[in-house]
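To convert, note that position 50 of the sequence shown is 829 in the numbering used here; the numbers rise steadily by one, no gaps. Structure first, then comments.
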Amino acid sequence: MTALRYLQAYPPHLQEQVRQMIASDRLGAYLRQRYPEGHGVQSDKALYGYAQALKQEYLRSAPPLDKVLFDNRLDLTHRALGLNTAVSRVQGGKLKAKKEIRIASLFKEAAPQFLRMIVVHELAHLKERDHNKAFYQLCQHMEPDYHQLEFDLRVYLTYRELPGNT
């Protein structure tokens, strides 16, 4: 039985469907058919503009973003596809917090829907720190297919870990 570490929280029947697709060597074809194209967001500057546009559309009152970039150091071993951080510094007598979003570099080659899902996820942390009901409602407000995309992203990560697919 194949261990599906990215899909452990999902029901057994969904895990079994993925196992069957792996066994019959159909998982890659399924993903290519469902997500055929890539995206043009390849630089940190383009990613910043992409995130700013989504923030402007859905989260105008959220704190401003100071930096958005692809990060080569984020990887799956740390269980992080993106990070949302606030870097605090004292300037004069004031405490300034700069908001940063870092997205794992693997999203440069991923489907545009996956990039949007992870950026939406990190933007939602500007309003909701925890992964609670309000957080996921905000994610769905920004991306109505959020939960399906999250599942498919986990399937994609599973596929990437199969021998010969990195």
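Glycine is no exception: its CB is placed at the ideal position from the N, C-alpha and C atoms.
Under the three-state DSSP convention, the category residue i falls into
i: residue 908; result: coil
i: residue 840; result: coil
i: residue 823; result: helix
i: residue 850; result: strand
i: residue 888; result: coil
i: residue 812; result: helix
i: residue 871; result: coil
Proximity to residue i [Cα-Cα], best of the options
i: residue 901; options: 885, 921 and 937; result: 921
i: residue 865; options: 853, 846, 801 and 833; result: 846
i: residue 812; options: 890, 862, 790 and 860; result: 890
i: residue 908; options: 853, 848, 842 and 892; result: 842
i: residue 785; options: 804, 942, 936 and 944; result: 936
i: residue 834; options: 939, 905 and 932; result: 905
i: residue 840; options: 930, 926, 913 and 903; result: 903
Cβ-Cβ separation, residue j to residue i (assumed contact under 8 Å), whole Å
i: residue 860; j: residue 897; result: 5 Å
Beta-carbon proximity check, residue i vs residue j, cutoff 8 Å
i: residue 893; j: residue 848; result: no
i: residue 830; j: residue 844; result: yes
i: residue 851; j: residue 884; result: yes
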